[in-house]
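What follows is a single structure, written as structure tokens, with notes after it.
Protein chains: 4
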Amino acid sequence: MLVVMKGDATPEQIDAVCDAIRAMGYQPAPMPGAQRTAIGLVGNEGPVDGSAIGAMNGVAQIIYVSKQFKQVSREWRNENSLVTIAPGVTFGGKTVPIIAGPCSVESEAQILASAHGVKKAGAAALRGGAFKPRSSPYSFQGLGKKGLELMRLAQQETGLALVSEAMDEAGAEMVAKYCDCIQIGARNMQNYSLLKAIGKIGKPVLLKRGIAATITEFLLSAEYLLAEGNTNVILCERGIRSWDTLVRNTFDLSAIPVVHKLSHLPIVADPSHGTGVREFVPPMARAAVACGADGLIIEVHPTPDKAFSDGAQSLRLEQFADLVPELRAIAGAIQRRIE
Amino acid sequence: MLVVMKGDATPEQIDAVCDAIRAMGYQPAPMPGAQRTAIGLVGNEGPVDGSAIGAMNGVAQIIYVSKQFKQVSREWRNENSLVTIAPGVTFGGKTVPIIAGPCSVESEAQILASAHGVKKAGAAALRGGAFKPRSSPYSFQGLGKKGLELMRLAQQETGLALVSEAMDEAGAEMVAKYCDCIQIGARNMQNYSLLKAIGKIGKPVLLKRGIAATITEFLLSAEYLLAEGNTNVILCERGIRSWDTLVRNTFDLSAIPVVHKLSHLPIVADPSHGTGVREFVPPMARAAVACGADGLIIEVHPTPDKAFSDGAQSLRLEQFADLVPELRAIAGAIQRRIE
Amino acid sequence: MLVVMKGDATPEQIDAVCDAIRAMGYQPAPMPGAQRTAIGLVGNEGPVDGSAIGAMNGVAQIIYVSKQFKQVSREWRNENSLVTIAPGVTFGGKTVPIIAGPCSVESEAQILASAHGVKKAGAAALRGGAFKPRSSPYSFQGLGKKGLELMRLAQQETGLALVSEAMDEAGAEMVAKYCDCIQIGARNMQNYSLLKAIGKIGKPVLLKRGIAATITEFLLSAEYLLAEGNTNVILCERGIRSWDTLVRNTFDLSAIPVVHKLSHLPIVADPSHGTGVREFVPPMARAAVACGADGLIIEVHPTPDKAFSDGAQSLRLEQFADLVPELRAIAGAIQRRIE
Amino acid sequence: MLVVMKGDATPEQIDAVCDAIRAMGYQPAPMPGAQRTAIGLVGNEGPVDGSAIGAMNGVAQIIYVSKQFKQVSREWRNENSLVTIAPGVTFGGKTVPIIAGPCSVESEAQILASAHGVKKAGAAALRGGAFKPRSSPYSFQGLGKKGLELMRLAQQETGLALVSEAMDEAGAEMVAKYCDCIQIGARNMQNYSLLKAIGKIGKPVLLKRGIAATITEFLLSAEYLLAEGNTNVILCERGIRSWDTLVRNTFDLSAIPVVHKLSHLPIVADPSHGTGVREFVPPMARAAVACGADGLIIEVHPTPDKAFSDGAQSLRLEQFADLVPELRAIAGAIQRRIE
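Residue numbers (numbering that gives the first Met the number 0), protein chains in the order written: chain A, 0 to 338; chain B, 0 to 338; chain C, 0 to 338; chain D, 0 to 338.
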């Protein structure tokens, strides 16, 4: 249930509604907007009778949210949410920031070369995995804390914002200490214990869509983060499982406008995992910008043939440098921009 | 097997290679290119020993085509094929023609309003179904010949090229008589009897990808058309079946660069069936152009709420008119153009 | 709309209702049942007002069929339909007939060895393709009429009923002449022109589920056959497309109880295409019988390693002979039987 | 790499091979079998040169394991693994134990009624969730420790073995304290941190297949458990995501014989989640036994209409009591038994 206040409702009226919601046994979640405040009601599973509140002073309207998700929905908040992970790096507005870098942090030389290369080409943030979810227990699992320290070093040299994945609560706290944004990988999209733990940490989160998740399930997982009080959530489309073996995943770009319709949260696109094949990354990155993605996350490696993981889908530095101007032109064509 | 001739090979040398292929029991298929001629070998199922031909005068190289498809492949023909369905309406080159119109031809007033509207907005061709494949035998099945006559009337008034679907051999001959391009629908992508019959007719064909077809199966179905001697084939990505119910299909745009890699045939995109939801058509049409689609096919209806079929995914005329300039800007950003 | 007559309704009352339906502009389709007659109404697309008929003598109830399919539905006919393709070979009752044989008819020796082998092991009918739908135009396309003649020869020697696939109208007429049951393959499940043509022929039909068809679409395709007056329709689950490459298809056995719930038509299972791997055929054939399949269709070949098609999924004759007693035991455990 | 020792190899020879493997920098994992011992090599990612070991005394053969998984594979251990979760409750042998009970533990009355009912009908173990992974953060999340205490009470009254799900490390330790088998849910199949933690605990594990996991990924997740030294792993097929909305999931029963081919681990089937619809559970439970499932896990609730979760797919107690004799008859038909 959502209580929409009148444009001229006073703070006292808003407080009174919040008190009334608490008296019903739920939590109020006030959401100030440009024109008026809405107050969400958290903690109810089923329908709630809001008729008493509807009669209170300053209340314009009661909206019964029929969808399963609430705080992530456009009904809850009509304006786009802007999620800033570092000064000047904001998702959800006119600019379309690019997060680029290697799949895994492998060495100081590798991450520094990556960082300088993508910075020069126009990236706003650096990606790099220190904790790697791998299908096989015998595959490279990441450098852990050492990897995060190398990310920090790369930040000091380039000023890039940092994004890195966490796979459990202890790892999330470590990533939060070193980086600007915690990534939750596709395999953990429905790891609710992790979602709750990261929601409590409060750092900006990049939540990837699970490989077979519906958009509704995707938004419900984001709801877990918001329900813990963390509204700085960036969604990420990264391809879904399909039957064609010519690509690694089926890049479901229509998820971009679908999410924009249903939710106020920004959504970025990952054409590297979305296709899994280097030469398909540039056209699909262009397509992602064209259909409204609020950012991109692209795997770039100085020497993809020697990468510990995901080499086949990583762009070379010079390919990335060639791609950014194309993306800028596409962004310009739809009145957005890439810095 | 493909015999690549040297750039300065003489006509006599080419003829001699063709004779040698015939002597082996196969059909030669010479393909003159800008720089050199290649000669394909048709009629073999398994591997062929081409060593004797490799030693002939004028032969540069023997390429053993390992993929299941041949005449549709880039190995067979390296340059993009240009498919012209009417004067000035060519797919596969720099321009990106738009085919627009209603799902079904419903009445003279409806098809004329559609044709004038899309023509004015910038479409190059008119779509409109006279024979409709419907899941239910009790749904509207199309106006048949009467529908084709109305299409022709619309052409006389506007000059638009005509594209319409055929579902069987008799229908194909009728569509060929009235229209410029025969559409084979997704449900008939593996109706091999129809593919053979339409291949023999020789008119340009728009072949839609089946709802669960791999790209390889899609190209093999096109191969049926080329194997009958019809090289004027335009492929069409129109969405594949997936599990999310917020869209009608999952629009698999990465099929565009994948097909461009594997085949010389042009491929257009159908964001109307690709999403099934009117408001998602404009962003996905933009994305299709951005990733390199050689054309678009879009459902447009003067009064979608009263459409006999597919009303929910049809753009209104004014929405289509607003969309074309956006598409033009995107095309311009990647050095292509929409007339 | 379905008019359910009282148990003691007279033939005159039934005729009067039929006349009334005709007067409304529709076709009546009387369905005599063990306890009472129901009269379906054919030819309406949208809802019909049946209140006048509801007041006629002998009418027990008017049922408004909300589902898209009608004549195939349990509401239309509550008792299982029995489909007899040859004397003693009936699908939908207590017995579970087995159709077995090679993918393609290849030679006289091959089809006769197959027929004698499967007959001896307990099969009731012989399968064998004379017209083969192949993904590649360069693959073996079947022996055509010659193949059907060889099937007939095998029948003369063994007495087995014959099932063979048709891909177009001309082929269907030829199959109807030589065989007891016309198979419509998965790729043609939504080839509506073929469905209409075969519906008119009137021979028993085995309709295979398309590779990505929902059960609703599957039943709607069967509805095309019944709408032409052909009620002798056997459905067939043969696996759907999925992402795992260890099997050729995902054998969706829950389609068996789902179809039994929604429709009165019998449904058989094809574990050969359902798995695509010889060693998985016996366990999945057992599973199909256990969950209620009304028959099985299994690929068996005297020398699978030399088969022109589908060798990898064909049982050897001795494997089939070992399987039948297992299937008999499973059938017995659920009060059904295999002759 | 797998070192297969001769049947008469001495303990000293086996020790010498283990020492040699350690000297190469890897861990040896000796696997005594009925006829001979095999020694696996753990810790290598890429290929290993085993030629030196091949020349040692007592060594019969070196097998290079090409598949990504090792300890779970049939090459690693040819005989079926027997996993005993409580005295008399063993998976992987001739008997087919049934785990039954409600989705969630809701109250003392509910779990006791469930336990007594399923025990009487023939179940060997009780299922019941104390920690529930729910798509929505606002749905019932389980009773936690209180739920586990109620499970224990039910065990004291009935003697049933206990199976319950854990979602994180702390929960796993609690489940391990109260129950006989820790369930890892489908959503956590690739939660590698959880797999590692539960692998270390050492209790028997029931690992459910992810909703879009290939069999290879499923086995690799089991490999995470075995790599931590826990070999008491029971796999569980519970349906995969598909497009048909008439069932909740597509129950992929061919996973049973596929896993039996590739792995020595037992695999059970969950027809409740596999179909999501109560009336489809009995036929699909029968099918699962018929194709070789090593056990079943079935949702049963004394009053499904009042269940907090999964009521629509839960059998009533009397339905479960009717089902068990059917399953016994099917098991008997394939020389297995249900106690």
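Glycine included, C-beta positions come from ideal geometry on N, C-alpha and C.
Note that the coordinates shown come from a computational prediction; the quantities given were computed from them, not determined experimentally.
Within chain C, the residues whose beta carbon sits less than 7 Å from that of D/D243 are T213 and I214, listed in sequence order. A/L252 belongs to the set of residues whose beta carbon lies under 7 Å from a beta carbon in chain B. Within the segment 190-221 of chain C, N190, Y191, S192, I210, A211, E216 and L219 place their CB atoms closer than 7 Å to a CB of chain B, listed in sequence order. Contact annotation: C/V104 and C/G91 have beta-carbon atoms that are not nearer than 7 Å. For A/A28, the beta-bridge partners assigned by DSSP are A/G39. With contacts defined as CB atoms closer than 7 Å, D/F319 and D/V288 fail to qualify as a contacting pair.
For a Cβ distance threshold of 8 Å, nothing in chain A lies close to B/A311: the least Cβ distance comes to about 14 Å. Measuring C-alpha to C-alpha distances from C/L234 to each of C/V257, C/T244 and C/T249 identifies C/V257 as the nearest. With a contact defined as Cβ atoms closer than 8 Å, A/V280 and A/L326 miss out at about 11 Å. When only Cα atoms are considered, C/Q154 and C/D304 end up about 25 Å apart. In the three-state reduction of the DSSP assignment, A/F139 falls in the coil class, being assigned neither a helical nor a strand state. According to the DSSP assignment, A/R126 belongs to the beta strand (DSSP E) that extends over A124 to R126. Note that the segment 248-257 of chain B does not touch the segment 48-64 of chain B; fewer than 3 beta-carbon pairs, one per stretch, sit closer than 8 Å.
Under the Cβ distance rule, B/I61 does not count among the residues neighbouring chain A, no pair being separated by less than 7 Å. Taking a 10 Å sphere around the C-beta of B/G24, we find fewer than 16 other C-beta atoms and assign the residue as exposed. M166 and D167: these are the residues of the segment 142-168 of chain D whose beta carbon lies less than 7 Å from some beta carbon of chain A, given in chain order. Separation of B/E74 and A/L264 (C-alpha to C-alpha, rounded to the nearest whole angstrom) is 45 Å. In this structure, D/G273 and D/R237 form a Cβ contact; the two beta carbons are roughly 6 Å apart against a cut-off of 8 Å.
DSSP, reduced to helix, strand and coil, places B/A51 within a helical segment of the structure shown. In the structure shown, D/G228 falls within a coil segment according to DSSP collapsed to helix, strand and coil. Per DSSP, the unbroken alpha helix (DSSP H) holding B/Q155 starts and ends at K144 to T157. Going by C-alpha positions, D/A15 is about 53 Å away from D/K119.
Relative to D/Q312, the option among D/L206, D/I337 and D/P270 whose CA is nearest is D/P270.
Listed in chain order, the positions of the segment 279-311 of chain D with a beta carbon within less than 8 Å of a beta carbon of chain C are F279, P282, M283, R285, A286, A287, V288, A289, C290 and G291. For C/D18 and C/L147, the gap between their C-alpha atoms comes out near 44 Å. At a C-beta separation below 7 Å, A/A328 has these neighbours in chain B: A332. Here DSSP, grouped into helix, strand and coil, assigns B/M0 to coil. Ranked by how close their Cα comes to the Cα of A/M0, the residues A/A171, A/Q67, A/S135 and A/T302 have A/Q67 in first place. Apart from sequence neighbours up to five positions away, the residues of its chain that approach B/A28 with a beta-carbon distance below 8 Å are I38, G39, L40, V41 and Q70, ordered along the chain.
Residue-level contact check: A/P256 touches chain B, since one or more beta carbons of chain B fall below 7 Å from its beta carbon.
Partner residues in the beta bridge of C/V88, as assigned by DSSP, are C/A85. The DSSP-derived three-state label of C/C290 is coil. Below the 7 Å Cβ cutoff, chain C contributes P136 as neighbours of B/A226, in chain order.
Shown here, A/Q60 sits in a strand according to DSSP, grouped into three states. Cβ-Cβ distances below 6 Å link D/R151 to Y177 in the same chain, with the five nearest sequence neighbours on each side left out; the list follows chain order. Secondary structure note for A/C178: it is in no alpha helix (DSSP H), with a DSSP letter that is neither H nor E.
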